[in-house]
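Student: Structure provided below as C-alpha cells; questions to follow.
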Amino acid sequence: MAKTLIISVGGSLPPIIYSINIHCPANIIFFASVDTEPQITEVLRQLKLNELKNLEKIITLSAEDIGECLKSILLKLPDIVRRWQLNPEDIIVDYTGGTKSMSAALVLGTIEYTHCFSYIGGEKRNKDGVGTVINGQERALILNNPWDQLALYEKKKISVLFNLGRYSLAKEAAEEAAKKISPREKPIFNILKDMSEAYHKWDMFDYKGASHTLQRVRRDLEIFCSYAGVPSDFHSLLNMIKENERFLEVLRRDVRNDEDQKVGIEKQKFYLLDMLANAKRRALKENRYDDAIVRLYRVLELRAQGELKKYGLDSSDIRLDLVPVKIREEVNSRYFNERKKRVEVPLYAAYQIIKAIEADRDIKGVGHLFFENYEKLLAPIIDFRNKSIIVHGQEKIDKEKFNLAWQNLLKFLEIEENFLPEFPLIWL
0 MAKTLIISVG GSLPPIIYSI NIHCPANIIF FASVDTEPQI TEVLRQLKLN ELKNLEKIIT
60 LSAEDIGECL KSILLKLPDI VRRWQLNPED IIVDYTGGTK SMSAALVLGT IEYTHCFSYI
120 GGEKRNKDGV GTVINGQERA LILNNPWDQL ALYEKKKISV LFNLGRYSLA KEAAEEAAKK
180 ISPREKPIFN ILKDMSEAYH KWDMFDYKGA SHTLQRVRRD LEIFCSYAGV PSDFHSLLNM
240 IKENERFLEV LRRDVRNDED QKVGIEKQKF YLLDMLANAK RRALKENRYD DAIVRLYRVL
300 ELRAQGELKK YGLDSSDIRL DLVPVKIREE VNSRYFNERK KRVEVPLYAA YQIIKAIEAD
360 RDIKGVGHLF FENYEKLLAP IIDFRNKSII VHGQEKIDKE KFNLAWQNLL KFLEIEENFL
420 PEFPLIWL
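0 is the number of the first residue of the sequence shown in numbering that gives the first Met the number 0; add one for each residue after it.
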C-alpha cells in the first residue's frame, strides 16, 4: 500500500514542505484551521506533487480548542481511512505544524490508525534557540509507535480478563492491540489472542476447536520461548499448555464400535473431570452458582452413564435384555418412550439399574454407594438443582449451597480437586 501522510498545517511552510519531501507520500491528508487552510494551496503550488494520488483536507473551526480540533478529525478521518483502505502501517502522522491544541488533537485522533509519528525539529532555532527551526536546519524525528509504550498496560488488561474467565473479551482485546503495535511486539499478542480463543472454545465444550487452536498456541510459544531472555513464566505456561493438550486429546478420541469400549470409558471419565472443572470456573470466576449446580448434576449423570457403559448399556437406549429380571418390567413400563420406541432412563433410574446389576454379580459398586449416600451427600445436589430458577423452581443458588454440593459430590466420586484440568493463569 502506498504511503499516506497526515500532516498538521501551521503558519510556517518550510517544516511542511520538508516533511512531504522526505516522506514522499502518495496520499496526503492536511489538517488545518480555517486560518491556515490557504497555506495548503501554497504548499501544493511550491511542491508540484504530480505523483500524488489522493488528497483530503480536514478543517477545524477553532485552532485553540482541543475538543473542536479532535471532533473535526474524528468526524472525517474514519471515512477517509475506509475509502482509501488504509492499514496502520500505511500511515505516517506529522504533528509539527499548527497550534499545540491542533498537534495534541492530531495525535489523539490518529493513535488508533497509525504505528508511526513524525516531528520536524532541529538544533538551530530563532528567538535565541526557543523559536521555530531555522530554514534549512530541519531534521525529521521518526517516533516509536506509542502503542508499544502502552503494550504493558494492554498485556495487564488481557491478563485480568483471561484470569477472570472472560476469554472472548481477552481475545478481542489482544486482537485489537495486535493491529496497533509494531511488528516486534505482535508475536506475544497473537499468542494471547489464540490462547484466549482456545480456552474460550474449551470452556464452551468445543474440544476439537480448542485442541486445534491450542496446537497453534503451543507451536508459537515454543518458538517464542526459544529466544534468549524470555521470562520463566512463559516456559511454565508452555508446559501447562502441553498438559492441557494431552487432556484434550482424550476428549477428541473417536469411539465407533464395541472394541473401543475401553477408550469410551476413559473418555467418559475425562468428560466428567472436565465438567467438574467447568462447574468450578462458573462458580469461582463468575459467581454463576445456578449454572454451576446444573453442571454438578450433569456430573452425577455422567458417572452413571459411564458405569452403564461397562455393562453394555446406554441410558438413552436401554437394552432390556441386559437389565436384571427383577427390575426389567418396572424399567420398561416407567421409562419406555412411546414416540421414540425405546427405553430412556433418568439419573435416579440409571443408578437403580446399576445397583441391580451389582447385586446380581454380588459386588458393591457405585450403584450401592449412590443410595447409601443419597440422603447425606447427594440429595442436596439434586434438590438444589431442581429448585434452581433456571431448572424447575424459583430459588437462587448461592455460594454456600454450591460449596456444600461441591464437597458432597467430590466425596461421593472419591476425586481430589488436583485431578481436575486447570486452565492457566497469565501474569504479564
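Every residue, glycine too, gets a C-beta built ideally from N, C-alpha and C.
Can we count ARG341 as close to the ligand SAH, meaning its CB is less than 7 Å from some heavy atom?
Tutor: With respect to the ligand SAH, the structure offers nothing, as it holds no ligand at all.
Student: Whose CA, out of LYS52, CYS68, GLY96, lies closest to the CA of TRP83?
Tutor: Here residue 83 refers to the residue found at position 84 of the sequence shown. For TRP83, the nearest C-alpha among the options comes from LYS52.
Student: Can you name the start and end residues of the alpha helix (DSSP H) that PHE204 belongs to?
Tutor: On the sequence shown, residue 204 is found 205 positions in, with the first residue counted as 1. No alpha helix (DSSP H) contains PHE204, which DSSP labels as neither H nor E.
Student: Where LEU107 and LEU69 are concerned, what is the direct C-alpha to C-alpha distance, given to the nearest angstrom?
Tutor: Walking along the sequence shown from the start, residue 107 turns up at place 108. Walking along the sequence shown from the start, residue 69 turns up at place 70. So the two alpha carbons sit approximately 7 Å from each other.
Student: Is CYS115 helix, strand or coil by DSSP?
Tutor: The residue labelled residue 115 in the question sits at position 116 within the sequence shown. Strand at CYS115.
Student: Find out if the Cβ-Cβ distance for the pair TYR288, ASP397 is shorter than 8 Å.
Tutor: Against the sequence shown, residue 288 aligns to sequence position 289. Against the sequence shown, residue 397 aligns to sequence position 398. Contact: yes.
Student: Out of LYS155, HIS199, TRP426, which has the shortest C-alpha to C-alpha gap to ASP232?
Tutor: If you number the sequence shown from 1, residue 232 lands on position 233. Ranking LYS155, HIS199, TRP426 by Cα distance to ASP232 puts TRP426 first.
Student: Is GLY66 helix, strand or coil by DSSP?
Tutor: Counting from 1 along the sequence shown, the entry for residue 66 is found at position 67. Looking at GLY66 - three-state DSSP - the assignment turns out to be helix.
Student: If you measure between the beta carbons of VAL439 and LEU408, is that distance less than 8 Å?
Tutor: Given a span of 0 to 427 for the chain in the structure shown, any question on residue 439 remains unanswerable.
Student: Mind checking which residues open and close the beta strand (DSSP E) that includes LYS56?
Tutor: On the sequence shown, residue 56 is found 57 positions in, with the first residue counted as 1. Looking at the DSSP string, the run of the beta strand (DSSP E) that includes LYS56 is 53 to 59.
Student: If you follow the alpha helix (DSSP H) that VAL293 is in, where does it begin and where does it stop?
Tutor: Counting from 1 along the sequence shown, the entry for residue 293 is found at position 294. Its alpha helix (DSSP H) spans residues 288 to 309.
Student: Jot down the residue ranges of each uninterrupted alpha helix (DSSP H) in the stretch 160 to 206, minimum 4 residues, whole runs only, in chain order.
Tutor: For the stretch 160 to 206, whole alpha helix (DSSP H) runs of length 4 or above, ordered along the chain, are 166 to 179, 185 to 202.
Student: From the DSSP output, which residues share a beta bridge with SER387?
Tutor: Mapped onto the sequence shown, residue 387 falls at position 388. GLU394.
Student: Once the 5 residues before and after ASN162 are set aside, which same chain residues still bring their CB inside 7 Å of it?
Tutor: Here residue 162 corresponds to residue number 163 of the sequence shown, with the count starting at 1. Excluding residues within five positions, the ones whose Cβ falls inside 7 Å are LEU424, ILE425.
Student: Do three or more CB pairs link the stretch 183 to 194 to the stretch 413 to 420 at distances below 8 Å?
Tutor: Output reads no: the stretch 413 to 420 does not touch the stretch 183 to 194.
Student: Sorted by chain position, which residues of the same chain lie with C-beta nearer than 7 Å to SER475's C-beta, five sequence neighbours on each side aside?
Tutor: A query on residue 475 cannot be resolved here, the shown segment of the chain reaching from 0 to 427 and no further.
Student: Which residues in the same chain as GLU36 place their Cβ atom closer than 6 Å to its Cβ, once the five residues preceding and following it in sequence are excluded?
Tutor: In the sequence shown, residue 36 corresponds to position 37, counting from 1. Closer than 6 Å at Cβ, skipping near neighbours: ILE58.
Student: In terms of DSSP beta bridges, what is ILE6 paired with?
Tutor: The residue labelled residue 6 in the question sits at position 7 within the sequence shown. Its beta-bridge partners are PHE29, ASP93.
Student: In the structure shown, what three-state DSSP assignment does LYS410 receive?
Tutor: Looking up residue 410 in the sequence shown gives position 411. LYS410: helix per DSSP, three-state reduction.
Student: Following the continuous alpha helix (DSSP H) through TYR350, name the residue where it begins and the one where it ends.
Tutor: The count along the sequence shown starts at 1 and reaches residue 350 at position 351. 346 to 359 is the extent of the alpha helix (DSSP H) around TYR350.
Student: In the DSSP assignment, find the alpha helix (DSSP H) that holds PHE233 and state where it starts and stops.
Tutor: Sequence index remark: in the sequence shown, residue 233 carries index 234 (1-based). Unbroken alpha helix (DSSP H) run through PHE233: 231 to 250.
Student: Applying the criterion that 16 or more other CB atoms from any shown protein chain within 10 Å of the CB defines a buried residue, is SER102 buried or exposed?
Tutor: Position 103 of the sequence shown, counted from the start, is the residue given in the question as residue 102. Label assigned to SER102: buried.
Student: Taking the DSSP output, what are the residues bridged to ILE326?
Tutor: As a first step, residue 326 is located in the sequence shown; it is residue number 327 there, counting from the start. Answer is none; ILE326 lacks a bridge partner.
Student: Would you call the CB atoms of LYS93 and ILE119 closer than 8 Å?
Tutor: Your numbering for residue 93 matches position 94 in the sequence shown. Your numbering for residue 119 matches position 120 in the sequence shown. Reading off the sequence shown, one finds Asp at residue 93, where the question assumed Lys. Result yes, Cβ atoms of ASP93 and ILE119 sit closer than 8 Å.
Student: Spatial neighbours of ASN385 within its chain, please: C-beta separation below 7 Å, excluding the five flanking residues on both sides.
Tutor: The residue you call residue 385 lines up with position 386 of the sequence shown. If we look at ASN385 and ignore the five residues flanking it on each side, its Cβ neighbours are HIS391, GLY392.
Student: Compare the Cα-Cα distances from GLY10 to each of ARG245, SER167, GLU248, THR40 and report the closest residue.
Tutor: Stepping through the sequence shown from its first residue, residue 10 is reached at position 11. For the residues ARG245, SER167, GLU248, THR40, the minimum Cα distance to GLY10 belongs to THR40.
Student: What do you get for GLN38, buried or exposed, if any count of 16 or more other CB atoms within 10 angstroms of its CB means buried?
Tutor: Stepping through the sequence shown from its first residue, residue 38 is reached at position 39. Per the 10 Å Cβ criterion, buried.
Student: Under DSSP, the alpha helix (DSSP H) around SER11 begins and ends at which residues?
Tutor: Reading the sequence shown from its first residue, position 12 is the one you call residue 11. No alpha helix (DSSP H) holds SER11; DSSP gives it neither H nor E.
Student: How big is the Cα-Cα spacing for VAL365 and ASP290?
Tutor: One-based indexing of the sequence shown puts residue 365 at position 366. One-based indexing of the sequence shown puts residue 290 at position 291. Near 26 Å, if we compare the C-alpha coordinates of ASP290 and VAL365.
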